[in-house]
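Protein chains in written order, with the working numbering: chain W, 80 to 405; chain R, 511 to 830.
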Amino acid sequence: MRPSDTTGARSAPSSPEERVRAAWLYYAEGMTQAQVARVMRLSRVKVIALLAAARDAGLVSIRVNAKGAAQLDLERRLVERFSLHAAIVVPSPAREADVARAVGHAAGAYLGEQLRDGMSIGIGWGETLHHSLKALGEREVTGLSVVSLLGGITHSRTVNPATVARRLADAFRADCYQVTAPLVVADPELTETLWAEPGLRELRDRARRADLVLASVGDLSARATLVRERLVTRAELASLRAAGAVGDVLCRFLDADGRVLDHPANRRTIAVDLDDVRHVPRIVLASGGRRKVAALLAALTALPAQVLITDEAAAEGLLGAAPREG
Amino acid sequence: MAARRAGRARDESSRDLKVRAAWHYYVEDLTQEAISRTLAVSRPKVVRLLQSAREEGLVTIRVGGKGGERIGLERRLVERFGLAEAVVVPSSADAGAIAASVGEAAAVYAGQRMRDGMSLGVGWGTTLDHCARALGTPRFKRASVVSLLGGMTHSRGVNPSAVARRIADAFGAQCYQLTAPLVVDDPKLRDALWAEPGLSELRRRARRVDLALVSVGEVSEHATLFGEGLLPGTALGPLRNAGVVGDVLCHFLDADGREVDHPLRRRIVAVELDDLRAVDRIVVASGGQPKVAAILAALKAVRASALITDEAAARGLLSR
């Protein structure tokens with residue numbers, strides 16, 4: 080290897096060909112990173128960067144086809160307790176920070192399998208759904224449409240609702256319908272005016288007619304996406320907690336009984352109403368981690384979800400909580 | 511948390527541990543070192559867990575996307591051989607790795623095109639065996655798979671009936687088997703078998719499949735036909751002298767894709783090439799430089815709609 084290769088490799092942009100090849104050698108042929116580096120005549124650092132880029136670009140499709148006994152047991156009990164059509168429980172990650180990635184992976188794999196020609200998908204946002212996009216797998220589906228269920232944010236640090244819908248649509252060359260409005264407005268009256276717009280009314284009708292809705296839930300911790308994106312201020316967070324809020328689904332803040340709170344924060348958000356998607360034949364909730372248990376419990380009451388995708392820790396928490404009324 | 515996980519490592523079955531290790535490694539991108547701490551097992555044990563998770567198919571990994579170079583090869587193959595599609599996967603120095611890669615690509619291809627109610631005819635060989643193992647989860651109610659070749663009473667796993675069975679299972683499809691030996695001693699027995707109502711029905715079914723997935727064999731001791739001991743190595747010389755460069759469904763072809771009238775021909779119980787030609791969409795999946803002549807012959811023998819191969823074979827085919 081020429082000395083310049085190592086230094087040059089770090090800064091040089093990687094070609095798609097390189098990314099595919101590195102991913103192929105590492106994942107498909109099972110080489111170690113060091114072996115890939117040797118075969119490709121690159122530094123190990125560069126190989127790591129290539130592999131990360133390949134993953135982010137969705138070039139690598141990983142499927143864990145088997146489930147452990149603990150997962151299966153939790154899934155069966157969740158289906159029974161919450162009258163679900165299906166539950167998917169992934170092993171709890173070693174690091175709490177990876178929960179969204181792991182649950183998102185399962186959600187993406189599930190969504191990928193469910194896609195059929197001509198289907199209409201309503202989609203929420205958040206870190207979990209952001210990660211789900213990488214795990215959709217390669218499917219050939221035509222005539223798909225994707226409906227974003229929430230307004231957008233002009234500047235986002237991590238995940239934008241509009242981006243989640245857009246990227247899902249791009250992956251399948253689907254039509255994408257966006258809520259062309261801010262997710263949060265200062266003036267509550269503006270929400271009424273915006274929903275009266277023909278374009279947005281039509282989007283809302285589309286959301287009602289979706290075949291499948293995929294949403295995640297948020298908790299009210301400082302780590303929730305809404306808080307990190309500064310869409311909810313610390314003062315509002317305190318006020319929501321005081322009002323009994325435990326979390327949100329599609330940016331509707333819920334109390335522990337799954338009721339949408341009568342709170343100013345709920346009047347400033349531009350998102351499709353929970354009542355709009357209530358009759359969608361397949362509602363899928365995907366969220367995990369112990370800190371989301373209360374929010375998940377509320378969301379399962381607020382929406383007639385058929386499918387829950389979560390991790391072991393949240394599943395155990397949900398099953399340990401009081402049974403859902405009714 | 512750590513204590514509970516350590517408990518899990520002791521309590522859980524080794525299969526459960528493999529699943530857990532696979533999630534940590536492939537989904538969460540944890541290092542093997544971190545997994546050994548999390549699961550409270552040794553580092554070599556983590557390596558073994560991950561390796562068997564892959565070997566047993568508990569985790570499958572597909573690498574999609576295309577390098578520009580391979581896209582170029584695919585386009586040229588389509589043009590040169592009048593295909594609807596070509597898929598070229600990266601080459602490897604190891605023939606086994608090529609068969610695995612081509613087989614996995616065939617699985618992706620078949621998985622994308624298979625629809626409920628469709629019927630799939632399948633050949634055999636190492637490549638298709640890899641394909642069968644790489645297919646996803648069952649999802650069809652009314653699909654069917656038809657084995658295009660007879661079976662073997664004893665084999666190490668690359669049995670045509672096993673390949674068809676695995677593919678059928680992977681799709682959740684019905685499986686139609688050619689319940690006869692692949693190679694018989696007496697040519698008269700072969701004719702008598704085809705006269706059986708069940709087998710002639712299967713042959714009619716084979717002509718009507720929506721998609722046929724076959725691979726080709728070269729004339730060498732490494733080809734499945736000889737490697738599995740179905741035909742003796744001593745047959746290689748006479749076959750080569752007769753101009754044979756490879757086989758499709760165990761029918762021997764010369765370089766121009768014509769079936770060679772070798773005595774062995776009348777001892778093979780497999781759906782005929784004319785039957786295969788009746789199929790609308792034929793997918794040929796084979797790779798590796800040694801198979802170039804055989805693939806070329808196969809493409810001349812039947813009108814394939816798709817070719818799935820590796821870079822080395824693609825270059826070889828295009829240089830002819």
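Glycine residues also receive a C-beta, built at the ideal position from the N, C-alpha and C atoms.
* Along the region 132–164 of chain W, what residues have a CB closer than 9 Å to any CB found in chain R? -> Those would be Ala133, Arg134, Ala136, Gly137, Leu138, Val139, Ser140, Ile141, Arg142, Val143, Asn144, Ala145, Lys146, Gly147, Ala148, Ala149, Gln150, in chain order.
* To do: State the Cα-Cα distance for the pair Ala381 of chain W and Val363 of chain W, rounded to the nearest angstrom.
  => When only Cα atoms are considered, Ala381 of chain W and Val363 of chain W end up about 13 Å apart.
* Bridge partner(s) assigned by DSSP for Leu741 of chain R -> For Leu741 of chain R, DSSP assigns no beta-bridge partner whatsoever.
* Given 8 Å, three or more beta-carbon pairs between the region 273–291 of chain W and the region 341–360 of chain W -> Put simply, the region 273–291 of chain W touches the region 341–360 of chain W. At least three CB pairs are less than 8 Å apart.
* Excluding the 5 residues preceding and the 5 following Asp626 of chain R in the sequence, name in chain order all residues of the same chain whose CB lies nearer than 7 Å to its CB. => So the qualifying residues of the chain are Phe650, Lys651, Arg652, Ala653.
* Asked: Alpha carbon to alpha carbon, how far is Val386 of chain W from Arg564 of chain R?
  -> Val386 of chain W and Arg564 of chain R have their C-alpha atoms roughly 28 Å apart.
* Going by alpha carbons, who is nearest to His184 of chain W out of W:Ala166, W:Ser211, W:Val178, W:Gly191? -> Nearest of W:Ala166, W:Ser211, W:Val178, W:Gly191 to His184 of chain W, Cα basis: W:Ser211.
* How about the region 242–252 of chain W and the region 191–207 of chain W: do they share at least three Cβ pairs that are nearer than 8 Å? -> Touching, yes.
* Within the same chain, show all residues whose beta-carbon is closer than 7 Å to that of Ser657 of chain R, passing over the 5 residues directly before and after it, in chain order. => The residues are Val632, Pro670, Ser671, Ala674, Tyr686, Gln687, Leu688.
* Can you pull the chain W residues whose beta carbon is under 9 Å from the beta carbon of Leu540 of chain R, in chain order? => Within chain W, the residues whose beta carbon sits less than 9 Å from that of Leu540 of chain R are Pro172, Ala173, Arg174, Asp177, listed in sequence order.
* Contacts of Arg525 of chain R in chain W (Cβ-Cβ under 9 Å) -> Neighbours of Arg525 of chain R in chain W, taken as residues at a C-beta separation under 9 Å, are given in chain order as Ala145, Gly147, Ala148.
* Asked: Using a Cβ-Cβ cut-off of 7 Å (strictly less than) and excluding sequence neighbours within five positions of Arg369 of chain W, which residues of its own chain qualify?
  -> Excluding residues up to 5 positions away in sequence, Ala392, Ala393, Gly396 lie with their Cβ nearer than 7 Å to the Cβ of Arg369 of chain W in the same chain.
* **Run of the alpha helix (DSSP H) containing Ile167 of chain W, from where it starts to where it stops** => Not the alpha helix (DSSP H): Ile167 of chain W falls in the beta strand (DSSP E), residues 165–169.
* **Neighbour flag for Gly578 of chain R against chain W, beta carbons, 9 Å** => Because the pLDDT of Gly578 of chain R is 46, which lies under 50, any placement of that residue in the model is unreliable, and the number read from its coordinates should be weighed accordingly. Closer than 9 Å: yes.
* Asked: How about Val793 of chain R and Leu692 of chain R: do their beta carbons lie closer than 9 Å?
  -> Contact flag unset, no.
* Asked: Along the region 370–399 of chain W, what residues have a CB closer than 9 Å to any CB found in chain R?
  -> So the close ones are Ala392.
* To do: Jot down the residue ranges of each uninterrupted alpha helix (DSSP H) in the region 142–217 of chain W, minimum 4 residues, whole runs only, in chain order.
  => Within the region 142–217 of chain W, the complete alpha helix (DSSP H) runs of at least 4 residues are 148–160, 178–193, 206–211.
* For the beta strand (DSSP E) that contains Ile362 of chain W, what are its first and last residues? -> Under the DSSP assignment, Ile362 of chain W falls in the beta strand (DSSP E) whose first and last residues are 361–365.
* Asked: Does the beta-carbon of Pro360 of chain W have 16 or more other beta-carbons within 10 angstroms, so that it is buried, or is it exposed?
  -> In summary, Pro360 of chain W is exposed, with fewer than 16 beta-carbon neighbours lying within 10 Å of its beta-carbon over all protein chains present.
* Asked: Do you know offhand how far Arg572 of chain R's Cα is from Glu614 of chain R's?
  -> Distance from the CA of Arg572 of chain R to the CA of Glu614 of chain R, rounded to the nearest whole angstrom, comes to 8 Å.
* Asked: Going by C-alpha distance, which of R:Leu527, R:Gly767, R:Arg717 is nearest Lys810 of chain R?
  -> Ranking the options by Cα distance to Lys810 of chain R, first place goes to R:Gly767.
* Asked: What residue ranges within the region 707–759 of chain R form continuous alpha helix (DSSP H) runs of no fewer than 4 residues, ordered along the chain?
  -> Taking only runs of at least 4 residues, the alpha helix (DSSP H) segments lying wholly in the region 707–759 of chain R are 707–717, 734–737, 746–751.
* Gly826 of chain R CB to nearest chain W CB: under 9 Å? -> No, Gly826 of chain R does not count as interfacial toward chain W.
* When the Cα of Val755 of chain R is compared with those of R:Val789, R:Ala807, R:Leu699, which residue comes out closest? -> Comparing Cα positions, the closest option is R:Ala807.
* Proximity below 9 Å, CB of Tyr256 of chain W to CB of Val226 of chain W -> Taking a C-beta distance under 9 Å as the contact criterion, Tyr256 of chain W and Val226 of chain W qualify as a contact pair.
* When DSSP builds the beta bridges, which residues end up paired with Gln684 of chain R? -> The partner list for Gln684 of chain R (beta bridge, DSSP) reads R:Ser654.
* Given that a residue counts as buried once 16 or more other Cβ atoms are within 10 Å of its Cβ, and exposed if not, what is Gly578 of chain R? -> Model confidence at Gly578 of chain R stands at a pLDDT of 46, short of 50, so the residue's coordinates are unreliable and nothing is read from them.
* Cβ-based neighbour list, Ala531 of chain R, same chain, cut-off 7 Å, excluding 5 preceding and 5 following -> Scanning its chain for C-beta atoms nearer than 7 Å, with the 5 sequence neighbours on each side dropped, one finds around Ala531 of chain R the residues Ile545, Leu549, Val556, Leu559, Leu560, Ala563, in chain order.
* To do: Return the first residue and the last residue of the beta strand (DSSP E) that Pro261 of chain W is part of.
  => Pro261 of chain W -> beta strand (DSSP E) spans 254–261.
* Where do the ends of the beta strand (DSSP E) carrying Asp820 of chain R lie? -> For Asp820 of chain R, the enclosing beta strand (DSSP E) stretches over residues 816–820.
* Asked: Does the Cβ-Cβ distance between Thr570 of chain R and Ala644 of chain R come in under 9 Å?
  -> Cβ distance < 9 Å, so Thr570 of chain R and Ala644 of chain R count as in contact.
* Buried or exposed: Thr819 of chain R, going by 16 or more other Cβ atoms within 10 Å of its Cβ? -> When all chains shown are included, Thr819 of chain R counts as buried.
* **Neighbourhood of Ser815 of chain R by C-beta distance below 8 Å, restricted to the same chain and skipping five residues each side** => Excluding sequence positions up to five before and after Ser815 of chain R, its CB lies within less than 8 Å of the CB of Leu593, Ala594, Glu595, Asp790, Arg791, Ile792, Val793, all in the same chain and listed in chain order.
* Asked: Is it buried or exposed for Gly87 of chain W, if we count other Cβ within 10 angstroms and need 16 for buried?
  -> For Gly87 of chain W, the predicted structure reports a pLDDT of 36, less than 50, and the residue's modelled location is therefore unreliable. A value from the coordinates is still provided. Within a 10 Å sphere around the beta-carbon of Gly87 of chain W sit fewer than 16 other beta-carbons, which makes this residue exposed.
* Short CB-CB distance (under 9 Å) between Thr637 of chain R and chain W -> Chain W, which has no Cβ nearer than 9 Å to the Cβ of Thr637 of chain R, makes this no.
* Asked: Does Arg649 of chain R get closer than 9 Å to chain W when you measure Cβ to Cβ?
  -> True, the Cβ-Cβ gap to chain W drops below 9 Å.
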